[in-house]
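Residue numbers (the working numbering), protein chains in the order written: chain A, 1 to 438; chain B, 439 to 876. Input: a single structure, listed below in C-alpha cells.
Number of protein chains: 2
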Amino acid sequence: MLTIDLLIEARWIIPIEPPGITLEHHAVAIDAGRIVSLLPTEHAQAQFQPRHTVTLSNHVLLPGFINLHSHAAMTLLRGYYADDIKLMDWLNQPICPGEDRHVSPAFVRDGTLLACAEMLRGGITCFNDMYYYPEAAADAALRLGMRASLGILATEFPSAYAADADDYLSKGLSARDTLRDEPLISFCMAPHSPCTVADKTFERIATLSAQLDLPIHIHLHETRKEIEESIRQHGIRPLERLRRLGLLGPSLIAVHAIHLEPSEIVLLAEEGCHVAHCPTSNLQLTSGIAPVHDLAQRGVRLGLGSDGVAGNNRLDLFREMNLASLLAKLSSHDATTLGAHAVLRMATLNGAAALGQDKRCGSLVAGKQADICAVSFEDFSLAPCFSPAYHLVHVVGREHVSHVWVDGNACVIENKLQTIETSELLAIVNLWHNRLGS
Amino acid sequence: MLTIDLLIEARWIIPIEPPGITLEHHAVAIDAGRIVSLLPTEHAQAQFQPRHTVTLSNHVLLPGFINLHSHAAMTLLRGYYADDIKLMDWLNQPICPGEDRHVSPAFVRDGTLLACAEMLRGGITCFNDMYYYPEAAADAALRLGMRASLGILATEFPSAYAADADDYLSKGLSARDTLRDEPLISFCMAPHSPCTVADKTFERIATLSAQLDLPIHIHLHETRKEIEESIRQHGIRPLERLRRLGLLGPSLIAVHAIHLEPSEIVLLAEEGCHVAHCPTSNLQLTSGIAPVHDLAQRGVRLGLGSDGVAGNNRLDLFREMNLASLLAKLSSHDATTLGAHAVLRMATLNGAAALGQDKRCGSLVAGKQADICAVSFEDFSLAPCFSPAYHLVHVVGREHVSHVWVDGNACVIENKLQTIETSELLAIVNLWHNRLGS
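In C-alpha cells:
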C-alpha cells in the first residue's frame, strides 16, 4: 500500500483527457500536490493508503476551470456602469471612465481578492488577467491559493501605474522577477489592444515573448470600429498588422476574435494561435457573436473568458460555457454544434494550453498538479440526469460547485471558501463601495 | 393600530408599478392573502399590528415572476435529448420522440411537481403551461401552493390523452369546470401551433376564447420551416392565417414570435397581442433571435418564458431575464437597450397582463394578491451593488432567492421549499429516471 496525501472518490469523473469520456466510480489519488493516479475506486482503495479521503458519492470531478480573460480588479466596479456602457466610448483608452480615479495597488489587491473569491468558489482554479499592478493581483491570488497568469501590460497611455510603454514593460518585467519563485504565478505579455499600442512597442513585445517564452494576451478584432481605425491609421486590419510585426504564432491569445474574414480564420489556425472566447461580454458590449464554430472547425483552439465587469457582471464560467454552446448552435443553425464535452474542454484544457500550462494543469492526468473542481448533483433542480457532461454545460450553476482544490490544497469545501472569511471580504468591498459611490 | 397577518420589511422594494422605481426601507403589509399597503417601514410599524413580521435587511422584494410559457411535466426529461435535439424533426407533431411512450396522468403530476418545485424556489409564483392532463398539472401546482394557468390543449394529433381536436377541447373544458373553484388555477385555450391545428379547430377556439374570456396560448412564428409549411399548405403565413380566422387580439399570447416581417410587428401591436419571449429555447433549438427591441418599440407587450426541457434545461427566469437583455442589446447594436427595469416588468407584470391576471398579480400594489419574491443580496458575489434592479438582471442567480409567498402564504423560506420535502421529490424523480433510462 502506497501512502498518499489525499484520495478523492467520485460518482463520476470527467478527466478531459482522453476526450469525451465520463468515468463512473473512479478516484483521484493525490500526493504532494500532484495527481498520482486516476483509477476505479475499488482499485484505489486496494492500492493506496491515503492520509485523507473525500468521498463524493453524487458528484462529478473535473479539472478546475481556467478563465482565459479577466480584468479581475475591476470587480470592485460590478454594476457601476449598469445599462449605460458603450465599448466604443473608451476604445482608445485602456481604462473605463470612473475607474481611472481609483486605480492603485490597494484597489488592485482588494478587487482581485473579491474576484478570486468569486472565481474560486465557482470552480475556477486559474485566471489570465490583464491589469495594472500585477504584484498586487498576485498578493490576492496567493492569499486565496489560486493559480494566476498575470499580464505584463503595455499601452501608450499613461496612468497612475506607468508613464509610457517602456515604463509599463519594465514594471511588468520587474514584477515577474519578484514573483519568479511562486509556482502558482505565471506571466503573459499583455499589449492592451491594437488601438492602444504602437508598432515599436509590439516589436519589443514580440522579442520579449520569444526570449522569455511568454504568451501574448491581447484584445483583438473585438469591434468593427477597432478594425476601421486600424485601416485608417495603418492601412491594414489589426490581425494583418500583428502578423507583419511578428506576433502571430502559438504564443498568441486573441481575446474576443469576433470580426474575422474567412482568410483570417485560416491564418489564426495556420499560425496555431489561441482564442479567448468571451460570449457574455461580446453580447453585453454589442460587439457581436464570435464565429466559434468556424474557428473550431478550422482547428483554432478556443478557451473561455469572463472579461471584466465592464462587459460582464459575473466571473462565472458555467454561464460562459452555457452561452458559448447556445450561441454556437444558433450561429451554425445546428443544435448538435459544440457538444458538452467540447465546451468543457474549452473551459479547462484549452485554457491551460493557451497559457502554456497544459503540462501542469487543465486535465486530470497523472503527473499534473491537482487543480480539481467537484460539482454536487444532489439538488433536485439537477434531476434527472442522463449525461453529467451535458448537465454541467446546460443545467448546473456555479452554486453547485462543492469542492475546489488547487495544487492539492482544499480551497473550497461544501461551497465554502477555506482561505478567507466572508465577513473580511465584505468589509473590504464595503469600504470601496463607499468610496466609489460618493 | 390595524391588525394584519404579515408585515415584510425590506431594504429595497421594486414594485414594478409605478415603473422604474426602487424604494428603500419600505414594507409590504399583507392581510388575508392580499397586499394592504406598501409604505415606508417606519410608517408601517406605527400603523400596523402584524401577527407575523419578516425583516429582510439586505434583500430586494419584488413581485413573484411569471413564466409565460412552459411544458412543465417534460421536466422529467431534463437532459434526455442532450445535444441531439432538432426542433424540425418533430415540428409536425406536438410531442417529442421518447416522450410519447410515457405520457400519463402520473407522468404529468410528477413532472409538474418537479417543475413547480424548481420554479417556486427560483422566485416564480405563476406559470402558463401547455401540456396533456391539466388536472394532473393542477394537482401538482396546488400541492406546492403555486399559481398556474393551464392549457386547454388542441391539436389534430391523437395521443394517450385525447383522440382528436374535439376530444382535446372537451377534456380541457371539463378540467376547467372541475377546477373552477380553485383561485390559484386559471386556463388558456392552447392550440399547439399553426402546423398541428386545422382551420375549423382554430375557429372553434376563437369562439370559445371570446365566450369564456380565455387567453389563447400558441407557438407562433418559431421557425422558418413553420412559415414555409403554412405558405405551402394555406398560401399565407401563420400570423395572417390566424388573423383571418379571428384569433388576433389582446387575448393572443404568441410564443417565440421570432420570424416577423415589419408589417407583422405592426399587426401584433395594433391588435394588442402579447408575446412570450423564450430566449434560451430560441438559441438552443437554433430557431433565431426574436426582434424584442422592435416589438417593444412598437408597443407589443412581451413576457418571458422558459419553454420546456426540449428547448431549455432550467426553468429559471433569472437566466431568461439576463439572456433577453443581452440579446436585445446585441440585436439593436445598443448597450443601453432593454434596461433592467424593463426586463423586470417583462418577467412580472407583462406576464400577468398576458394571462388576464394583472388585476390579481404581477406588481406590488395594494389590492393585489401577495405573490412576492425576496432576493438576498448578502453574498459577496453580488457585491458591490450600485443598482438593485440592474443586479437582479445581470448579477443575481436564482440561488439568491430567499423567500417566496403566493397569496400571502410562505412557500419558500431561506431558499427552502416549505410545501414539500426534497427527499420525496427526489424519490419521485428517481422512479421516472429509472423508467426512462431503460
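Virtual Cβ for every residue (Gly too), placed ideally from N, Cα, C.
Taking C-beta separations shorter than 8 Å and ignoring five residues to either side along the sequence, the partners of valine 365 of chain A in its chain run Pro15, Glu17, Ile35, Leu38, following chain order. Per the Cβ contact rule, the segment 811-826 of chain B is in contact with the segment 61-80 of chain A (3 or more Cβ pairs under 8 Å).
With respect to isoleucine 258 of chain A, serine 230 of chain A sits apart: the two C-beta atoms are not nearer than 9 Å.
In terms of beta-carbon proximity, cysteine 823 of chain B lines the interface with chain A, with at least one pair separated by less than 9 Å. The beta carbons of asparagine 788 of chain B and glycine 749 of chain B sit no closer together than 9 Å. Distance check between alanine 780 of chain B and each of B:Ala578, B:Ala714, B:Ala762 places B:Ala762 closest, using alpha-carbon atoms only. Remark: fewer than three beta-carbon pairs, one from each stretch, lie closer than 8 Å, so the segment 294-306 of chain A and the segment 484-494 of chain B are not flagged as touching. By the Cβ-count criterion, leucine 212 of chain A is exposed, with fewer than 16 other Cβ atoms from all chains shown falling within 10 Å of its own Cβ. Distances from the alpha-carbon of arginine 614 of chain B to those of B:Ile590, B:Trp450, B:Cys633 put B:Ile590 closest.
Under the Cβ distance rule, alanine 347 of chain A does not count among the residues neighbouring chain B, no pair being separated by less than 9 Å. Residue environment for aspartate 548 of chain B: buried (at least 16 other C-beta atoms within 10 angstroms of its C-beta).
Taking a C-beta distance under 9 Å as the contact criterion, alanine 692 of chain B and leucine 723 of chain B do not qualify as a contact pair. For the C-beta of glutamate 837 of chain B, the chain A residues within less than 8 Å are, from N- to C-terminus, Gly397, Glu399.
The beta-carbon of tryptophan 432 of chain A is placed less than 9 Å from the nearest beta-carbon of chain B.
Excluding residues up to 5 positions away in sequence, Ala511, Tyr569, Tyr570, Tyr571, Ala574, Ala575 lie with their Cβ nearer than 7 Å to the Cβ of valine 546 of chain B in the same chain.
The continuous beta strand (DSSP E) containing glutamate 447 of chain B extends over residues 440-451. With its beta carbon at least 9 Å from every one in chain B, glutamate 135 of chain A lies outside the interface.
Alanine 465 of chain B and asparagine 868 of chain B have their C-alpha atoms spaced approximately 42 Å apart. Checking the DSSP bridge columns, you'll see aspartate 567 of chain B partnered with B:Ser508. Here DSSP, grouped into helix, strand and coil, assigns alanine 427 of chain A to helix. Per DSSP, reduced to three states, the secondary structure at aspartate 619 of chain B is coil, with no helix or strand assignment. With a minimum length of 3 residues, the unbroken runs of beta strand (DSSP E) contained wholly in the segment 787-826 of chain B fall at 810-814.
Contact check for histidine 274 of chain A against proline 250 of chain A passes: the beta carbons are separated by less than 9 Å. DSSP places proline 457 of chain B in the coil class of the three-state scheme, outside both helix and strand. Taking CB atoms only, leucine 515 of chain B has a neighbour in chain A less than 9 Å away. At the C-beta level, isoleucine 562 of chain B and phenylalanine 503 of chain B come within 9 Å of one another.
Beyond the five residues adjoining it in sequence on each side, threonine 775 of chain B comes within less than 7 Å, by CB distance, of His731, Ala766, Lys767 in the same chain, given in chain order. Beyond the five residues adjoining it in sequence on each side, glutamate 862 of chain B comes within less than 8 Å, by CB distance, of no other residue in the same chain. Out of B:Thr491, B:Cys534, B:Val842, B:Leu499, the CA that lies nearest to the CA of histidine 509 of chain B is found in B:Cys534. Rounded to whole angstroms, the Cβ separation of isoleucine 372 of chain A and proline 63 of chain A is 7 Å, and the two are in contact under 8 Å. Of all alpha-carbon atoms in A:Leu61, A:His277, A:Ala370, A:Leu326, the one lying nearest the alpha-carbon of histidine 394 of chain A is that of A:Leu326. Only those residues of the segment 281-294 of chain A whose C-beta falls short of 9 Å from the nearest C-beta of chain B are listed: Asn282, Leu283, Gln284, Leu285, Thr286, Ser287, Gly288, Ile289. Taken in chain order, the whole alpha helix (DSSP H) runs of length 4 or more contained in the segment 281-329 of chain A are 292-298. Glutamate 537 of chain B places its beta carbon 9 Å or farther from that of arginine 752 of chain B. Within chain B, the residues whose beta carbon sits less than 8 Å from that of glutamate 118 of chain A are Phe818, Ser819, listed in sequence order. Using a 10 angstroms sphere on the CB of threonine 223 of chain A, the tally of other CB atoms reaches 16 or more, which defines it as buried.
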